[in-house]
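To start, the structure itself, in structure tokens.
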Amino acid sequence: TNIWAIENELVKYGIPYHIVGGKNFFDKKEVVAIENLIGVILDPYDQKAMTGLLISSFFDMNIDEILKLKIEYASLYDGLKEKYPEIHELIEKLIKLKNITDASKLIRMAIRETNYLGKIAIEKDGDKSIANVLKFIEILDTMDIPSWDINGINSILEKGSAEEEQEASALSEKENVVKIMTVHKAKGLEFPIVIIAQIDTKPQNGDKTEEDLEEEKRLLYVAMTRAKEYLVLSKEINFKGNKGNNVWISTLSAAGFQKENRWQIPEGMEELVEIRKAKIPQPKNKSDEKFAFENRYLHFPKVSSKPKMYNVTELFESEMTRSQSMDYGNIAHEILEKVGPYKLADILKIDFFTLYPKEMVEEVKETLSKLISHPLVEEMEHSTIASEISIETEIPEIGNVIGKIDKVTKEKIIDFKYSNYSTAKLKDYEFQIKFYMTAYKKLTNQQLMGKVFFLKDGKVLDVEYPNEDEFFEEIKKRVHK
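Numbered per this note's numbering, the sequence shown finishes at 894, counting up by one with no gaps.
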């Protein structure tokens, strides 16, 4: 059944409905927009998340505007500062607040300041979209995890995607609304009125076995017997398919309900059956609707004075800075993330999709091509356990510190630096990978060696596992600076 055709007509004529077991909640565009918002708050230079956020109803930018930014600036975030300062200012404010308030509160702030709910309210099926947004906020409110635990937020999204959580209903399932469901979901249920729609588009006979055909007939029987008072059989007026090969049409024709592709009343059933031509109501004017929502979803967040979460890079960088070299580093990370399942030499041959300029990608590929035979690359190709692992550890009296490990092999934690070996920042790089080593041990009870891999000259900095007490004291000192 083409469920979208049914949905479109119900929305067009203002008929309330509820889909039983509908589309995956986390794939709904209004929810994906918030997922992208979270991604941008965690990393404003995540080009994929930023693109999704900008074209969503949060900011309503079109693809031409985004492409122009990408051509003129090294990153979309930098371009926003020059061309769209109000958007940049809002994102910057959310980023600064992420360490001192919860994710759900920041989302409420973004919703209020962009009139997000007001925008989606006037879209097709806006009330259901709003219900989905509010459901997502409530999910974040009830998550039993720290406010900006990347692992926790990502896991709830991945879990939701895998388990296909149902979309929120703007109406109670017990209300007087149209319920849309499959025949299988209707088994064991009864309803006053049952409409079997688009019966002329049901599965064709084709190469079906006799057993398959009997099962199709049983499904038709189940569907028809769900009705307590009225059963409506409906087909498309202008359907041009081969009705003769349609399982359900063939069954109904054999029972006397069809003749030459037209409905007829079987002999002896004149008092039970009638043929009606549907009356078409006037479409509902969506613009006449007024939307009201509860202020509790949009109240200004109360901000605590003590940060709850630190990114490990914040502990050796005084402020978030950006340069073209960081874009080169991101490209290198995108490529090396694939090493393990695939060999570096094979990856470099692929013209993979990225939002970075092609000339930058080719330059990075040229640099990495010199590392194809590097011992550390060969080790990654044969013993990689995981890539791009978001990790978190709690530091007493401080809060939570988060970061992302580039690569884990059976024996090593590897951190990539798109630069030449230099003594200028070695202490900071050592600090960063020591955090990864200690956090990974707390997570897995495995103590691994640390390697800082300088990608431009191929040099490697070996880092021994630290004394944990001394290292945690160093973290505290950096936090209090």
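Think of the CB as a built atom: it goes at the ideal place given N, C-alpha and C, for glycine as much as any other residue.
- Taking the C-beta atoms as reference points, residue 624 is found no nearer than 8 Å to residue 660.
- Per DSSP, residue 685 lies in no beta strand (DSSP E) and is assigned neither H nor E.
- Between the stretch 474-481 and the stretch 532-544, the count of Cβ pairs shorter than 8 Å is below three; the stretches do not touch.
- Residue range 797-808 is occupied by the beta strand (DSSP E) that includes residue 797, with no alpha helix (DSSP H) assigned at that position.
- Proximity of the stretch 840-849 to the stretch 813-826 meets the contact definition, three or more beta-carbon pairs being nearer than 8 Å.
- Beta-bridge partners of residue 822 (DSSP): 797.
- DSSP, reduced to helix, strand and coil, places residue 643 within a strand of the structure shown.
- Here residue 675 is exposed. Its C-beta has fewer than 16 other C-beta atoms within 10 Å.
- For residue 444, no beta strand (DSSP E) encloses it; the enclosing alpha helix (DSSP H) starts and ends at 442-455.
- Excluding residues up to 5 positions away in sequence, 847 lie with their Cβ nearer than 6 Å to the Cβ of residue 879 in the same chain.
- Under the 10 Å beta carbon count, residue 485 is surrounded by fewer than 16 other beta carbons and is classified as exposed.
- As the crow flies, the alpha-carbon of residue 662 is around 10 Å from that of residue 611.
- In the structure shown, residue 592 falls within a strand segment according to DSSP collapsed to helix, strand and coil.
- For residue 811 against residue 888, the beta-carbon gap comes to about 7 Å, under 8 Å, which counts as contact.
- Within its own chain, the residues whose Cβ lies closer than 6 Å to the Cβ of residue 462, once the five positions on either side in sequence are excluded, are 449, 452 and 453, listed in chain order.
- One alpha carbon belongs to residue 446, the other to residue 773, and they sit about 28 Å apart.
- Residue pairing by DSSP places residue 661 opposite no residue, since no beta bridge is assigned to it.
- Look at the beta carbons and you see the stretch 790-802 touching the stretch 821-835: at least three pairs across the two are nearer than 8 Å.
- Within the model, the alpha-carbon separation for residue 631 versus residue 416 is close to 22 Å.
- The Cβ atoms of residue 482 and residue 492 sit closer than 8 Å to each other.
- In the structure shown, the three-state DSSP call for residue 671 is strand.
- Rounded to whole angstroms, the gap between the alpha carbons of residue 646 and residue 506 is 56 Å.
- Less than 8 Å separates the beta-carbon of residue 830 from that of residue 868.
- One alpha carbon belongs to residue 862, the other to residue 764, and they sit about 34 Å apart.
- Linking residue 892 to residue 883 through their CA atoms gives a straight-line distance of about 14 Å.
- For residue 777, same chain residues with a beta-carbon under 8 Å away, outside a window of 5 residues either side, are 741, 744, 745, 748 and 831 in chain order.
- Residue 550 and residue 423 have their alpha carbons spaced roughly 27 Å apart.
- Taking residue 798 as the centre and dropping the five residues before and after it, the same chain places the C-beta of 821, 822 and 823 closer than 7 Å to its C-beta, in chain order.
- Taking a contact as a CB-CB distance under 8 Å, the pair residue 607 and residue 644 counts as one, their CB atoms being some 5 Å apart.
- Residue 604 and residue 641 have their C-alpha atoms some 6 Å from each other.
- For residue 893, the secondary structure class from DSSP, reduced to helix, strand or coil, is helix.
- Residue 679 counts as exposed, since fewer than 16 other beta carbons sit within 10 angstroms of its beta carbon.
- Distance check between residue 787 and each of 756, 775 and 770 places 756 closest, using alpha-carbon atoms only.
- Counting of Cβ neighbours within 10 angstroms places residue 431 among the buried residues, the total reaching 16 or more.
- Between the C-alpha atoms of residue 686 and residue 639 there is a straight-line separation of about 17 Å.
- Within the same chain, and ignoring the five residues on either side of residue 602 in sequence, the residues whose Cβ sits closer than 8 Å to its Cβ are 639.
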